[in-house]
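Working notes, structure below.
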Amino acid sequence: MLANYSRSAKALAELLKREGVEDTQVLSAIADIPRHVFIDDVLKHKAYENTALPIGQGQTISQPYIVARMTELLRLAGVRDKVLEIGTGSGYQTAVLAKSFTKVYSVERIKALQWQAKRRLHQLDLYNVAMKHGDGWQGWQSQAPFDGIIVTAAASKVPQDLLAQLSDGGVLLAPIGEQEQKLTMVIRNGDNYTEHVIAPVRFVPLIPGDIE
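Going by the numbering used here, the sequence shown opens with residue -15, and the numbers climb by one from there.
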């Protein structure tokens, strides 16, 4: 059974390569990570399809292409070391980040999801991730600055607290908008910020506050 899942993960990585993902580190992460571990039993048969799936609590596990592409975009922008993830969710994106960057800090507002994700990452021997239960809009001030920040839920506008937590030259990648969302990259240069719109996307909303 494990061999089947391993082949499925490698096939998924090959599919994403054909879809245009080129970063070998990211493709290796997709091939190595058993996505079915992050999905409820009833949907495990869909684990290696290139599609988003519900994970409960009104949240989803993102489409593998989006996970890989967002990770690749950070790496293309020169990010290698310290990354903040807003929205741990299932932990799948977190796992891909953990295999692509030196250290990952991840914030999740729903405590039940956070604990579940932490258990899964430890099950996969991924220990370069620090987790926090809190409001993603506020980031993780005590651990700032970050070389890269990736937001995995759609914010109505670019969160100013997150921009302030970027290192000089740092990169923020987030879906921005409500009815129409656009994946947006913001690069910090001193006190100036440059925005680049990448592509239209569809994510669950980034809601302020946290849930015990």
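Ideal Cβ placement from N, Cα and C applies to all residues, glycine included.
Quick caveat, the model's predicted, so the values are computed rather than measured.
- If the five residues before and after LYS83 are omitted, its C-beta is found closer than 8 Å to the C-beta atoms of GLN9, SER12, ALA13, ASP16, ILE17 and LEU110, all from its own chain and listed in chain order.
- If you draw a straight line from the Cα of ALA(-7) to the Cα of LYS1, it comes to about 12 Å.
- Annotation for THR86: ASP65 place their beta carbon closer than 6 Å to its own, counting only its chain and skipping 5 residues before and after.
- At the C-beta level, LEU190 and ALA139 come within 7 Å of one another.
- DSSP lists no beta-bridge partner residue for VAL21.
- For the pair TYR177 and VAL170, the Cα-to-Cα distance works out to about 6 Å.
- For GLU92, the pairing in a beta bridge is given by DSSP as HIS117.
- One thing to note: ASP194 has its Cβ within 7 Å of the Cβ of ARG93.
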